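Under our numbering, the final residue of the sequence shown carries the number 518; numbering is consecutive throughout.
The beta carbon of each residue, even a glycine, is placed where N, CA and C say it ideally should be.
As the structure is a prediction and not an experimental result, all values here were calculated from the model.
Report on one structure; see the data block that follows.
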Amino acid sequence: MKNFFSIEDIDDLYAIIKTSIELKNHPYDFQNCGKNKTIGLIFFNQSLRTRLSCQKAAFNLGCNIWSLDVNRDSWKLELHDGTVMKHTQEHIKEAISVMSLYCDILAIRTFPNLLDRDYDYEEVFFNKILSYSKVPVVNLESATMHPLQSLADAMTIAEFFPFLSKKKKKRCKVVLSWAPHVKALPHSVANSFVQCLSRIEEIDLTITCPKEYDLYEKFSKGIYTTYDQHQAFFNADFIYAKNWSSYRHYGKILHTSDDWMITKKKMELTNKAKFMHCLPVRRNIVVEDSVLNSPQSIVLQQAENRIFSTQMIFLKLLEFLS
Ligand code: CP
């Protein structure tokens, strides 16, 4: 693996999930692997889990790690080409080139502009970073993808529904449910989740969302989609809640009422489903307190597993470098 941009960069997804679980049980098994190696984290957007889980993953591998919040710790960066830089101090080309001299792996979080769909979906900004970096690059969430989150999510599902075990088992129903939000949010978590879970044969994935919120069909093609949230929840084993802004009416918020919020009453339609969310989550907008506080909620396990799915990807890239 040279770079890690999306789930598509993984050949054997089952093996990666299995080894991530093994790393959780034995986190220090590869603690010499990162000796004298440095990982650089660059954030163009806020983060709690991604930043800290990357740091913990690097420590477990014996790596050095530094982290830069571009909006707070750096010169004001120019992101566009050909600009007369009256209002920005350093071009992204020099900034990324320099930072990649200071580490062996770069890991970067960007964000969509949610204005220009082609620009976001062609991942223009992330590709620019790839072209400037002299070292492997890990996607910590780009305009359209959040693969480390999805790996942690798949790992969490595997812990509750052991699809990796060789024993014959029943199938499992996972529902990705749109939920309300006050801000226009990216599609990255939803896109990557669908991309990841659709590769797990034992899982029947359903997407449910209001009509105007269909995901880009490159991801949703072949996945059962319903605009009836109650029908979707029936007999589900996992409910994964997430807001995303409209794809068709790009970046727009078209639905503002709370009728899609995840409630205790809706969870009663399920097969005692586990509740999942990538966090951060707005309580009583996305999901009722009573669901998030219940034993059905596994959001903390998901957050914990961010360490080990990330450790797994760092390990793969370190192996590539050695
Ligand atoms: N889930 C997730 O990516 O969290 P952060 O935005 O806090 O990193």
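- Contact check between the segment 316-335 and the segment 491-499: fewer than three CB pairs, one atom from each, fall below 8 Å, which does not count as touching.
- Counting every other CB atom within 10 Å of its CB across the protein chains shown gives Gln427 a total below 16, marking it as exposed.
- A contact between stretches requires three or more CB pairs, one per stretch, nearer than 8 Å, and the segment 435-450 meets this requirement with the segment 369-385.
- In this structure, Leu297 has its beta carbon at no less than 7 Å from each heavy atom of the ligand CP.
- The distance from the Cβ of Phe504 to that of Met351 is about 7 Å, consistent with a contact at the 8 Å cut-off.
- Of all C-beta pairs linking the segment 254-267 to the segment 352-366, fewer than three are shorter than 8 Å, placing the two stretches out of contact.
- For the set Ser293, Asn387, Leu475, Trp456, the Cα lying nearest the Cα of Cys405 is the one of Trp456.
- The C-alpha of Leu450 lies about 37 Å from the C-alpha of Tyr210.
- Closest by C-alpha distance to Lys448, out of Leu381, Tyr412, Val482, is Leu381.
- By the Cβ test, the segment 304-317 is in contact with the segment 236-251, since at least three Cβ pairs between them sit closer than 8 Å.
- Of the candidates Met281, Lys272, Tyr224, Tyr224 places its Cα closest to the Cα of Ala253.
- For Gln425, the number of other beta carbons within 10 angstroms of its own is at least 16, and it is reported as buried.
- Contact between Gly236 and Cys299 holds, since their C-beta atoms are separated by about 4 Å, short of 8 Å.
- Leu511: member of the alpha helix (DSSP H) spanning 495-517, first to last residue.
- Between Ile403 and Leu411 the beta-carbon gap is near 7 Å, inside 8 Å, which marks them as a contact.
- For Leu248, there is no enclosing beta strand (DSSP E); the enclosing alpha helix (DSSP H) covers residues 245-256.
- The three-state reading of DSSP puts His287 in strand, counting E and B together.
- Note that the C-beta distance between Phe226 and Leu513 is not below 8 Å.
- With a beta-carbon spacing of about 12 Å, Ser327 and Leu302 fall beyond the 8 Å limit used to define contacts.
- The ligand CP never approaches Ser505 closely enough for any of its heavy atoms to be under 7 Å from the residue's Cβ.
- C-alpha of Phe321 to C-alpha of Ser384: approximately 15 Å in a straight line.
- For Asn387, the uninterrupted alpha helix (DSSP H) segment begins and ends at 384-393.
- The three-state reading of DSSP puts Leu360 in coil, since its state is none of H, G, I, E or B.
- Exclusion of the five residues before and after Tyr446 leaves Arg313 as the residues of its chain whose Cβ lies within less than 6 Å of its Cβ.
- Apart from the 5 residues on each side of it in sequence, Cys392 sits with its Cβ closer than 8 Å to the Cβ of Ile203, Leu209, Pro343, Ser346, Leu347, Asp349, Ala350 in its chain, given in chain order.
- Pro376 has its CB no nearer than 7 Å to any heavy atom of the ligand CP.
- Closest in alpha carbon position to Tyr420, among Lys461, Lys369, Arg444, is Lys369.
- Boundaries of the alpha helix (DSSP H) harbouring Thr215: 209-221, taken from the DSSP string.
- Leu273 is a Cβ neighbour of Glu286, given a cutoff of 8 Å.
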